[in-house]
Structure formats: structure tokens, C-alpha cells
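Below is one structure, written out as C-alpha cells; comments come after it.
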Amino acid sequence: GNPARGHDGAVMGSGQFLQLLIINKAGGLIYNQNLSPGAPQLGSNDWLRIGSTFHSLYAIMMQIAPEASKGIQKLETETFKLECFQTLTGLKFVLTASAGLVQPTLEAVIRQIYELYADYVLKNPFYELDMPIRCELFTKHVTSLIDSYHASSSSYSGSKNVAGRS
Amino acid sequence: MDAHRQVSAAACAYLVSEMIQHFMARIRTAADLEITLHRTGQCVGAKVYELVSAREKSGRRESGIVEVLQFISITCWKCLFGKVADSLERSTDSETEFMIHDARPMTNRFISLPPSLGQLNCASYIAGIVAGMLACAQFPANVTAHSITANGDCVRTVFLVDVIDAH
Chain A
51 GNPARGHDGA VMGSGQFLQL LIINKAGGLI YNQNLSPGAP QLGSNDWLRI
101 GSTFHSLYAI MMQIAPEASK GIQKLETETF KLECFQTLTG LKFVLTASAG
151 LVQPTLEAVI RQIYELYADY VLKNPFYELD MPIRCELFTK HVTSLIDSYH
201 ASSSSYSGSK NVAGRS
Chain B
122 MDAHRQVSAA ACAYLVSEMI QHFMARIRTA ADLEITLHRT GQCVGAKVYE
172 LVSAREKSGR RESGIVEVLQ FISITCWKCL FGKVADSLER STDSETEFMI
222 HDARPMTNRF ISLPPSLGQL NCASYIAGIV AGMLACAQFP ANVTAHSITA
272 NGDCVRTVFL VDVIDAH
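If you read the protein sequences in the order shown, they are chains A and B.
In terms of the working numbering, the first sequence opens at residue 51 and continues consecutively.
In terms of the working numbering, the second sequence opens at residue 122 and continues consecutively.
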């Protein structure tokens with residue numbers, strides 16, 4: 051079939067992380083970051099709207115599920131997959147990746163991003179809870195975490211004798 | 122130090138964060154915040170110096186400035202931060218200037234400064250601790266914290282020690 055192409059026209063590789071969203075408990079978007087060049091390039095207002103829409107859909111899912119549900123956790127389509135993690139305080143981490151991404155699991159990566167949040171956002175005295183996140187150490191660490199996964203996944207594809215992740 | 126005297130880094134970080142927020146509510150400018158952090162550190166430094174001297178050296182004191190600074194940058198640093206300072210240097214320009222290098226001071230590890238407070242250095246708390254220790258050791262000095270940056274990242278922090286009274 052046709053290879054999946056990202057928004058920049060390039061063929062999507064063996065698996066790329068696309069976007070990270072963090073939504074506060076009121077439904078407002080407090081953080082979004084493009085994780086690869088193929089990710090959709092939307093304006094900041096679009097992302098705000100997407101964040102609050104997702105928040106409403108999440109609430110709807112909890113209500114229409116026949117048994118007690120914890121809301122949207124995974125969403126898979128032919129071209130991408132989405133993972134959502136809601137913390138005990140109602141904060142939602144939403145991570146999207148292209149469908150070709152097999153390793154690592156989105157759930158594992160979201161947990162690591164949660165740890166980075168606990169370190170570089172919550173321990174920052176200049177950050178106000180539920181406000182937009184503008185902590186450069188957080189952005190820097192998320193970027194290097196995702197880059198390390200992209201680098202090791204591109205060393206997997208097309209090479210037979212891979213020594214394993216460094 | 123014994124294992125049971127260790128405190129989690131996260132607990133320290135939250136304490137430092139709360140201390141900074143407490144001061145931020147009461148002062149106006151970044152310069153005031155640095156001065157307040159420095160003054161708070163001095164209180165801590167004087168007490169820690171006494172405590173570590175008693176624990177590590179049975180209360181015996183150093184009598185030369187270099188020995189005092191070595192005691193501070195190695196033994197006291199280990200007690201406070203779980204590691205020794207990266208290096209202690211004497212300035213070539215002046216007899217009374219010394220520099221203590223630390224790649225990742227505990228106060229700056231988790232903190233990203235907002236653009237409005239770009240000049241602030243939270244390590245002035247540690248500079249205050251060093252100043253308090255030196256005052257307690259009878260070598261009063263001006264101690265300031267400076268961040269060395271490369272490509273916008275803080276590479277390491279230097280504590281500049283300017284001893285006031287030259288013997």
C-alpha cells in the first residue's frame with residue numbers, strides 16, 4: 051500500500067511520536083509540544099480547542115460506558131494511535147504516535163513524561179498550578195527523551211544485527 | 122555520613138521551592154530575592170559549620186583560610202548535598218579570591234526561571250551558606266554565585282569567595 055506520509059510530506063518512519071498535550075482538570079490546555087517534524091502543524095488556538103474538546107469527550111465516555119469507566123485510555127486508528135493518562139488530580143497527559151511505533155509502549159513513555167512533570171514543573175517555585183507550563187527544563191527533558199527513542203528506533207529499522215538499545 | 126541521615130532529593134527540592142515561593146510573596150525584585158536567600162543561607166551555614174566540625178573532627182578547627190575552604194568544599198558539601206564540590210581554586214588575580222565549582226547545585230536542579238526573573242540565581246542560597254560558614258570560622262567573606270552558561274544551558278555554577286580580612 052502507500053506509505054503513510056506526515057504533514058510535511060515525508061514518509062513516516064518506523065514509528066514516530068507526534069504530539070504531547072497536557073490538559074488541566076478544568077479542560078484547559080496547559081502544554082502542547084510537537085515531537086516530530088511530521089506532526090500536524092496547527093495554531094495554538096486550534097490546540098486549545100482540541101484540548102477542551104478532548105476533555106469533554108473524555109467525560110462523555112465515562113458516562114456512556116455500560117460499566118464504570120475511567121474514560122479514554124487508548125485510541126487506535128490506521129495511521130496513528132493515542133494514549134491518555136489521567137492523574138489522580140484530574141490532569142490529563144495525551145500522547146499521540148504514528149501507527150508504526152511498536153516499541154516502546156505509549157503507556158511507558160507517558161509514565162516517564164509524568165515523572166519529568168513531577169520533577170521539572172512541580173518542583174519549580176515559579177510555576178502556578180493549572181497554569182500554562184513554561185518551564186524550559188521540562189521541555190528540554192521531554193525533547194531529549196523522545197529524541198532518544200526516535201534515534202534508537204531508526205537504528206532498529208533496516209539493520210539486521212542491532213546490538214540493542216544503549 | 123550514615124545512611125539514616127539521608128534525606129530524599131525530592132523533599133529538599135520541595136522545601137527549597139516552598140522557601141522561594143514564601144519569599145516571592147514578600148519582596149519586589151529579583152535582587153531582593155537573592156539577598157533574602159543569601160541571608161537565609163547564612164543562618165544555615167553558621168549552624169552547619171558548628172555541627173559538622175563537632176561530628177567530623179571532634180570540634181577541632183582549621184586555622185588557615187585554605188584549610189577552612191577545603192573543609193567546606195569537601196566535608197560540609199558532602200554532609201549537605203551528598204557529594205563533594207567539583208573543585209576549589211584560588212584566583213590568580215587576587216590573594217583573597219577563591220572559587221568553588223559545582224556542576225549541579227541542589228537549588229538549581231529543578232528550577233526553570235521565568236523570563237521576568239532572568240537574572241536570578243537561586244544558588245545564592247548556597248552562597249549564603251558558604252558565607253555563614255566562613256563567618257563562623259572567623260574568615261568573613263563576600264560569597265556570590267555565578268552560573269557559567271554555554272549555548273543557553275547552565276554548565277556549572279561558581280561560588281566566588283572574596284575574603285574580607287587578609288591576614
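Using N, Cα and C, we set each Cβ at its ideal position, and we do this for glycine too.
Check	Outcome
The beta strand (DSSP E) enclosing threonine 265/B, as first and last residue numbers	262-271
Interface partners of proline 235/B on chain A, CB under 8 Å	Phe176 and Arg184
Sufficient close CB pairs (3 or more, under 8 Å) joining the segment 131-145 of chain A to the segment 188-203 of chain A	no
Amino acids of chain A, ordered along the chain, whose beta-carbon sits closer than 8 Å to that of alanine 146/B	What alanine 146/B touches in chain A: nothing, since even the nearest Cβ is about 11 Å away.
Boundaries (first-last residue) of the beta strand (DSSP E) holding serine 208/B	208-211
Assigned exposure category for aspartate 169/A - 16 Cβ within 10 Å defines buried	buried
Cβ distance (whole Å) where glycine 249/B is taken to contact leucine 158/B below 8 Å	6 Å
Short Cβ contact (8 Å threshold) for phenylalanine 130/A with proline 235/B	no
Contacts that leucine 289/B makes with chain A (C-beta to C-beta distance below 9 Å)	Residue 289/B falls outside the range modelled here, since chain B spans only 122 to 288, and no answer is possible.
Where the alpha helix (DSSP H) containing glutamate 128/A begins and where it ends	First-last for glutamate 128/A: undefined, no H or E at that position.
Identity of the residues DSSP links to serine 148/A by a beta bridge	Phe130/A
Touching by the beta-carbon criterion (3+ pairs, under 8 Å), the segment 129-137 of chain B and the segment 214-234 of chain B	yes
Beta-carbon neighbours of phenylalanine 192/B, restricted to chain A and to distances below 8 Å	The contacting residues do not exist; phenylalanine 192/B stays about 30 Å from chain A at best.
Tyrosine 81/A - DSSP class collapsed to helix/strand/coil	strand
Closest residue to alanine 147/A among Asn174/A, Asn95/A and Lys124/A (Cα-Cα distance)	Lys124/A
Contact set for alanine 146/B: own chain, Cβ-Cβ below 8 Å, skip 5 residues either direction	none
Chain B contact residues for leucine 138/A, given Cβ-Cβ distances below 9 Å	What leucine 138/A touches in chain B: nothing, since even the nearest Cβ is about 17 Å away.
Glutamine 136/A - DSSP class collapsed to helix/strand/coil	strand
Residue-level contact to chain B via CB, aspartate 180/A, 8 Å cutoff	no
4-residue-minimum alpha helix (DSSP H) runs that sit fully inside the segment 145-196 of chain A, ordered along the chain	156-170
Inter-residue spacing [alpha-carbon to alpha-carbon] between isoleucine 186/B and phenylalanine 188/A	40 Å
C-alpha gap between glycine 214/A and isoleucine 160/A, whole angstroms	Low per-residue confidence applies at glycine 214/A: pLDDT is 42, beneath 50, and the placement is therefore not dependable, though the value from the model is reported in the following sentence. Roughly 22 Å between the two C-alpha positions.
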